[in-house]
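Structure, as structure tokens:
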Amino acid sequence: MLRAALSLLALPLAGAAEQPTQKPESLGEPLPGLELFRWQWHEVEAPYLVALWILVASLAKIVFHLSRKVTSLVPESCLLILLGLVLGGIVLAVAKKAEYQLEPGTFFLFLLPPIVLDSGYFMPSRLFFDNLGAILTYAVVGTLWNAFTTGAALWGLQQAGLVAPRVQAGLLDFLLFGSLISAVDPVAVLAVFEEVHVNETLFIIVFGESLLNDAVTVVLYKVCNSFVEMGSANVQATDYLKGVASLFVVSLGGAAVGLVFAFLLALTTRFTKRVRIIEPLLVFLLAYAAYLTAEMASLSAILAVTMCGLGCKKYVEANISHKSRTTVKYTMKTLASCAETVIFMLLGISAVDSSKWAWDSGLVLGTLIFILFFRALGVVLQTWVLNQFRLVPLDKIDQVVMSYGGLRGAVAFALVILLDRTKVPAKDYFVATTIVVVFFTVIVQGLTIKPLVKWLKVKRSEHHKPTLNQELHEHTFDHILAAVEDVVGHHGYHYWRDRWEQFDKKYLSQLLMRRSAYRIRDQIWDVYYRLNIRDAISFVDQGGHVLSSTGLTLPSMPSRNSMAETSVTNLLRESGSGACLDLQVIDTVRSGRDREDAVMHHLLCGGLYKPRRRYKASCSRHFISEDAQERQDKEVFQQNMKRRLESFKSTKHNICFTKSKPRPRKTGRRKKDGVANAEATNGKPRDLGFQDTAAVILTVESEEEEEDSDSSETEKEDDEGIIFVARATSEVLQEGKVSGSLEVCPSPRIIPPSPTCAEKELPWKSGQGDLAVYVSSETTKIVPVDMQTGWNQSMSSLESLASPPCNQAPTLTCLPPHPRGAEEPQAPLYPPSDPHPSFAFPPSLAKAGRSHSESSADLPQQQELQPLMGHKDHTHLSPGTNSHWCIQFNRGSRL
Amino acid sequence: MIAPSSRPPLSPAHLPGPLGRVSGARPAASPPTPFPPAVSQASLVRLHHRFQALDRNKKGYLSRMDLQQIGALAVNPLGDRIIESFFPNGSQRVDFPGFVRVLAHFRPVEDEDTDQDPKKPEPLNSRRNKLHYAFQLYDLDRDGKISRHEMLQVLRLMVGVQVTEEQLENIADRTVQEADEDGDGAVSFLEFTKSLEKMDVEQKMSIRILK
Chain V
1 MLRAALSLLA LPLAGAAEQP TQKPESLGEP LPGLELFRWQ WHEVEAPYLV ALWILVASLA
61 KIVFHLSRKV TSLVPESCLL ILLGLVLGGI VLAVAKKAEY QLEPGTFFLF LLPPIVLDSG
121 YFMPSRLFFD NLGAILTYAV VGTLWNAFTT GAALWGLQQA GLVAPRVQAG LLDFLLFGSL
181 ISAVDPVAVL AVFEEVHVNE TLFIIVFGES LLNDAVTVVL YKVCNSFVEM GSANVQATDY
241 LKGVASLFVV SLGGAAVGLV FAFLLALTTR FTKRVRIIEP LLVFLLAYAA YLTAEMASLS
301 AILAVTMCGL GCKKYVEANI SHKSRTTVKY TMKTLASCAE TVIFMLLGIS AVDSSKWAWD
361 SGLVLGTLIF ILFFRALGVV LQTWVLNQFR LVPLDKIDQV VMSYGGLRGA VAFALVILLD
421 RTKVPAKDYF VATTIVVVFF TVIVQGLTIK PLVKWLKVKR SEHHKPTLNQ ELHEHTFDHI
481 LAAVEDVVGH HGYHYWRDRW EQFDKKYLSQ LLMRRSAYRI RDQIWDVYYR LNIRDAISFV
541 DQGGHVLSST GLTLPSMPSR NSMAETSVTN LLRESGSGAC LDLQVIDTVR SGRDREDAVM
601 HHLLCGGLYK PRRRYKASCS RHFISEDAQE RQDKEVFQQN MKRRLESFKS TKHNICFTKS
661 KPRPRKTGRR KKDGVANAEA TNGKPRDLGF QDTAAVILTV ESEEEEEDSD SSETEKEDDE
721 GIIFVARATS EVLQEGKVSG SLEVCPSPRI IPPSPTCAEK ELPWKSGQGD LAVYVSSETT
781 KIVPVDMQTG WNQSMSSLES LASPPCNQAP TLTCLPPHPR GAEEPQAPLY PPSDPHPSFA
841 FPPSLAKAGR SHSESSADLP QQQELQPLMG HKDHTHLSPG TNSHWCIQFN RGSRL
Chain G
1 MIAPSSRPPL SPAHLPGPLG RVSGARPAAS PPTPFPPAVS QASLVRLHHR FQALDRNKKG
61 YLSRMDLQQI GALAVNPLGD RIIESFFPNG SQRVDFPGFV RVLAHFRPVE DEDTDQDPKK
121 PEPLNSRRNK LHYAFQLYDL DRDGKISRHE MLQVLRLMVG VQVTEEQLEN IADRTVQEAD
181 EDGDGAVSFL EFTKSLEKMD VEQKMSIRIL K
């Protein structure tokens with residue numbers, strides 16, 4: 001390895017110098033000179049082949065799914081096995097020997113863990129624990145039953161002379177074979193049942209059984225194997241006892257290892273706030289560590305990983321970020337699907353190797369019949385017992401599906417390959433039989449189970465979106481049942497679940513969840529949150545193409561209205577003085593018209609924002625829940641930046657008028673005020689992007705940002721940040737036609753929601769005189785004359801960057817930038833000098849804020865745009881507001 | 001077996017419960033049940049034992065205090081309401097038939113229950129009655145509707161302290177609006193039933209040992 005790496009490095013660099021001197025001496029061959037091209041297949045062979053096989057498997061998957069008809073009829077696992085057969089045949093024909101087979105080591109160490117982790121992590125835990133009794137019964141009793149009956153029956157078959165005498169096996173050998181062939185395989189079950197969509201209970205029972213029976217299989221296999229190796233004569237009574245004990249050790253030990261690692265994992269993710277990027281990695285690493293640890297201690301590794309996934313999920317999901325969650329989900333699914341594909345394909349390829357197997361019809365047929373028969377018998381017997389205790393009995397149809405769904409798969413194959421030929425002389429026969437059994441169950445049963453389920457009319461699973469009502473009432477039911485159990489005095493399942501939940505809430509969650517996550521961790525709240533996000537997304541999605549109220553049919557229309565209202569309500573309550581609000585929406589009666597207005601407004605906002613979002617067009621749907629927030633943040637940020645830019649331009653505009661006047665004060669003032677953006681702009685005039693500016697200004701408030709809890713706080717910020725006014729729509733709509741004052745809005749693109757309102761009342765729009773006065777004082781503070789050249793340059797570059805080609809832009813853009821504390825003293829100047837015709841409020845009224853909002857509701861249509869908003873911006877700009885803006889910028893700049 | 005208990009004819013409004021809650025008349029939807037024939041002998045015996053164990057002073061009935069002493073009920077967010085549901089019409093005591101009648105709601109639905117004589121009154125463990133039991137836990141003022149306020153109260157009980165009051169109000173608003181179909185700002189029993197259409201209520205509101 002090292003040599004290879006060295007030569008790889010040395011050759012291109014020093015090859016020209018060294019090779020001529022060394023090689024002639026050692027080899028005496030003609031000088032090869034500097035090689036232009038070297039073929040180093042052997043150095044990359046192994047990883048290359050792995051990658052190639054995965055690629056082939058993935059391509060095969062793509063091809064299969066090209067035709068919907070095929071995949072709806074044939075399970076993918078069947079197709080892959082068949083493909084494997086074909087590929088194996090090709091390999092055999094080309095290489096003259098069987099290669100690329102499923103190696104037990106590869107299978108257990110690399111291929112199996114992702115599948116099991118995936119299934120454990122995404123196991124519906126509530127359902128799993130609800131049916132835990134049944135699952136455990138089938139997994140433990142059922143597997144034992146299958147192993148012993150199958151083994152014994154095969155032995156009987158041999159005694160009866162139906163198995164050829166060349167199969168040299170005793171009772172123990174058959175029991176060993178029975179133990180490995182009896183276990184239902186999680187990979188096969190998952191592959192088939194995922195496509196069948198039986199109801200959840202049935203699925204979780206079959207699937208849970210296939211996962212949990214691993215412990216039993218491992219124990220049985222190991223015990224039998226060691227008995228066989230010891231020889232049946234040497235087995236003592238204590239060995240049987242040890243065998244039984246090891247069942248407990250292996251299963252409980254495996255589960256314990258899994259839970260320990262789940263705990264560690266949850267605890268670790270609690271502290272990843274600043275290194276979000278490694279969160280997904282941690283999940284995979286620790287889960288894999290659990291698997292390897294259990295394997296190392298020869299405990300049940302599958303059980304360990306299942307428990308790890310099952311145990312950690314709740315806390316990990318709460319701790320890690322949205323993006324990490326998505327990453328974990330998709331990586332896990334990708335890995336699992338990859339592994340599954342490769343397993344089935346390699347199974348097919350392995351079957352081609354005829355050197356490994358020896359055929360005996362009696363054994364093969366006998367095994368096939370026995371495993372089917374005893375599985376069915378076992379299921380019926382166990383179900384009968386279980387139904388005595390089950391609230392919802394499993395009916396006959398369920399039993400048929402469960403018996404028929406007992407698929408065997410790669411685990412059995414890998415185990416049979418692991419047998420030692422010297423100790424188990426009949427290994428080759430067993431291998432052949434296993435291959436046939438696996439193929440039969442996966443292909444024949446896999447193919448027929450779907451029609452069977454249809455024919456038997458098995459209850460299918462139905463997916464529906466969660467509603468708040470369901471979630472709430474479900475909780476109520478849980479509490480009611482727990483209470484009734486208390487009253488009845490029976491400490492049953494509900495009692496213990498209730499206990500566990502309280503314990504979890506009190507101690508475990510506190511310990512394992514970061515505080516911000518714990519605070520907002522509530523299932524009902526979760527559902528509410530998700531619904532809101534969904535609605536927000538449908539808003540945004542629809543915003544693009546709807547401007548007529550006819551198209552306003554969203555999937556969750558009734559709830560959406562409520563969202564609009566509640567979020568505005570929320571906004572009002574939470575943002576005492578900081579945000580600009582239209583109070584009308586909440587204070588007036590919720591008439592249909594108001595709703596319509598609000599909806600319309602939101603749609604319009606969506607419509608207006610759309611064009612600017614085009615560079616985000618490729619955004620994935622899977623990130624959308626977070627993106628909805630980020631997008632909002634970003635837009636708010638852009639709005640603000642735009643406004644700042646406008647103000648820059650205005651100052652620049654005015655510099656021309658007032659250049660010479662206030663030179664001496666400027667520098668000092670500038671330093672004192674620390675108007676960071678001006679500095680930044682001057683510092684690097686040319687290639688200054690918006691983001692840069694923002695970053696410079698706004699890193700101030702980092703502590704506060706730290707405090708933010710993940711979602712509730714950010715949501716609040718968003719609410720405040722988007723200063724939509726419900727009535728703004730009509731204004732914007734009219735804007736094209738109405739002349740006069742509204743003309744100053746040059747194009748819809750640069751109308752930020754709040755300035756639209758503010759503009760109407762801004763004093764300097766009516767006359768240039770006011771403007772000059774205002775601006776000159778403004779300029780004095782900002783740009784020193786000696787920097788004017790640079791300033792001008794930067795302004796022109798900025799202008800070309802972001803402003804639309806519009807002559808009137810400067811006029812429009814006199815809107816003072818918000819985050820500048822320097823402006824505050826100026827603010828009270830504006831209202832008195834306001835001659836604007838549509839500004840109907842006396843300044844005092846406007847200043848008085850919310851309490852007067854009712855009166856504004858009565859005003860005629862033209863005045864719908866209340867001055868409240870703009871006013872607040874300028875007159876009530878408090879330090880609190882200031883810092884708030886800063887937070888937003890900061891968030892934005894991090895995007 | 002045991003005859004239906006004769007209830008003291010109390011008018012709905014004037015007797016507030018000791019917990020300060022007005023327990024009014026049951027809505028008309030609740031069937032005037034004869035004693036449920038359904039509870040099996042075994043569980044009847046079991047319940048009787050339990051009843052006697054709860055009945056501290058061997059007085060032959062249970063008072064609210066008797067039920068409140070069950071430790072686990074105290075931590076149950078709905079514990080008070082569930083205790084209250086044992087004392088309909090504001091009565092102060094519940095005898096054994098009354099005790100069983102409430103618990104009979106949670107008997108699992110069996111197959112033979114479904115194809116019953118339609119003339120017979122609906123069994124207490126029917127889906128509708130199970131739902132109704134849950135509904136009346138919400139509907140404190142017994143007006144047949146869950147108002148926003150009532151929803152908010154339940155939410156306050158159920159949702160952890162972590163969620164702020166505003167958020168709770170938002171959730172309550174939305175929950176009501178989600179289920180509210182006629183736009184009266186409250187959830188009637190019909191709307192309640194509809195919002196749970198897809199849920200397996202028979203299964204989720206049953207306890208096996210009451211078979």
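Line order of the protein sequences matches chains V and G. Its first residue numbered 1, the first sequence is counted upward by one per residue in UniProt numbering. Its first residue numbered 1, the second sequence is counted upward by one per residue in UniProt numbering. Every residue gets a Cβ at the ideal spot worked out from N, C-alpha and C, and that includes glycine.
key: From G:Leu137, G:Leu155, G:Asp80 and G:Ala134, residue whose alpha carbon lies closest to that of Gln68 of chain G   = G:Asp80
request  = Go through its chain and collect everything with a Cβ distance to Thr327 of chain V's Cβ below 6 Å, but skip five positions before and after it.
outcome  = Pro280
task = Starting from Ala186 of chain G, trace the beta strand (DSSP E) both ways and give me its first and last residue.
result = Ala186 to Ser188
inquiry  = Arg408 of chain V and Ala139 of chain V - do their beta-carbons sit closer together than 9 Å?
reply    = no
request  = In the DSSP assignment, find the alpha helix (DSSP H) that holds Ile146 of chain G and state where it starts and stops.
outcome  = It is not in any alpha helix (DSSP H) - Ile146 of chain G instead sits in the beta strand (DSSP E) that spans Lys145 to Ser147.
For Arg460 of chain V, the residue or residues it bridges with in DSSP = V:Val198
request  = Please report the residue range of the alpha helix (DSSP H) in which Arg408 of chain V lies.
outcome  = Premise fails: Arg408 of chain V is in no alpha helix (DSSP H) and is neither H nor E.
request  = Select from V:Leu52, V:Tyr495, V:Gly208 and V:Leu136 the residue whose C-alpha is nearest the C-alpha of Tyr100 of chain V.
outcome  = V:Leu52
request  = Keeping to the same chain, check which residues put their C-beta closer than 6 Å to that of Leu456 of chain V; ignore five residues upstream and five downstream.
outcome  = Ile397
inquiry  = By the 7 Å beta-carbon criterion, what residues does the UniProt domain "EF-hand" (167 to 202) of chain G contribute toward chain V?
reply    = Gln167, Asn170, Ile171, Asp173, Arg174, Thr175, Gln177, Glu178, Ala179, Ser195, Leu196, Lys198 and Met199
ask   = From Leu190 of chain V to Arg142 of chain G, what distance separates their C-alpha atoms?
value = 49 Å
query = Since Ala42 of chain G meets chain V, which of its residues come closer than 8 Å, beta carbon to beta carbon?
reply = By Cβ distance, chain V contributes nothing, its closest Cβ being about 13 Å from Ala42 of chain G, past 8 Å.
ask   = Nearest CA to the CA of Val437 of chain V: which residue from V:Ile369, V:Ala134 and V:His197?
value = V:Ile369
query = Is the shortest distance between the beta-carbon of Gly90 of chain G and the beta-carbons of chain V less than 9 Å?
reply = no
task = Just the C-alpha distance for Gln510 of chain V and Gly88 of chain V, rounded to the nearest angstrom, thanks.
result = 54 Å
task = Kindly list, in the order they appear in chain V, the residues whose Cβ is closer than 8 Å to that of Met205 of chain G.
result = Phe477, Ile480 and Leu481
request  = Could you tell me which of V:Ile204, V:Asp214, V:Val380 and V:Ala164 sits nearest to Ile181 of chain V, measuring between CA atoms?
outcome  = V:Asp214
Contained beta strand (DSSP E) runs [length at least 3] in the region 69 to 128 of chain V, N- to C-terminal order = none
query = Which residues does DSSP pair with Leu62 of chain G in a beta bridge?
reply = G:Val94
ask   = With DSSP run on the structure shown, which of helix, strand or coil describes Glu45 of chain V?
value = helix
Nearest-angstrom beta carbon gap, Val201 of chain G and Arg127 of chain G [assumed within contact, 8 Å] = 5 Å
Under 7 Å from the C-beta of Thr467 of chain V: neighbouring residues of chain G = Glu178 and Ser195
query = Relative to chain V, which residues along the UniProt domain "EF-hand" (42 to 77) of chain G have a C-beta separation below 9 Å, given in chain order?
reply = Ser43, Arg46, Leu47, His49, Arg50, Ala53, Leu54, Leu67, Ile70, Gly71, Ala72, Leu73, Val75, Asn76 and Pro77
query = Once you ignore the five residues that flank Leu111 of chain V on each side, which residues in its own chain have a CB closer than 7 Å to its CB?
reply = Ala339, Val342 and Ile343
query = Going by beta carbon distance, what residues of the same chain come within less than 8 Å of Met345 of chain V, once the five residues before and after it are set aside?
reply = Trp53, Val56, Ala57, Ala60, Leu80, Ile81, Leu83, Gly84 and Leu87
ask   = Does DSSP classify Thr143 of chain V as helix, strand or coil?
value = helix
Contact under 9 Å by Cβ, Gly120 of chain V with Met307 of chain V = yes
key: Neighbourhood of Thr311 of chain V by C-beta, 6 Å cutoff - its chain only, sequence neighbours within 5 removed   = The question names Thr, but residue 311 of chain V in the sequence shown is Gly. Cβ neighbours of Gly311 of chain V beyond the five flanking positions: Leu259 and Ala262.
query = Do we get a CB-CB distance below 9 Å when we pair Arg93 of chain G with the residues of chain V?
reply = no
query = Taking only beta-carbon atoms, is His197 of chain V less than 9 Å away from chain G?
reply = no
query = When you compare each of V:Ala245, V:Leu508 and V:Arg497 to Asp130 of chain V by their alpha carbons, which one comes out closest?
reply = V:Arg497
query = Can a CB atom of chain V be found closer than 9 Å to the CB of Ser23 of chain G?
reply = Its pLDDT being 37, under 50, Ser23 of chain G is placed unreliably in this model, and the coordinates cannot settle the point.
ask   = Using a C-beta cutoff of 9 Å, does Phe389 of chain V count as contacting chain G?
value = yes
inquiry  = Quick check: what's the CA-CA separation for Trp145 of chain V versus Val94 of chain G?
reply    = 50 Å
query = Rounded to a whole number of angstroms, what is the C-alpha to C-alpha distance between Val352 of chain V and Phe177 of chain V?
reply = 21 Å
key: Unbroken stretches of the alpha helix (DSSP H), 4 residues or longer, contained in the region 473 to 535 of chain V   = 493 to 503, 509 to 512 and 515 to 519
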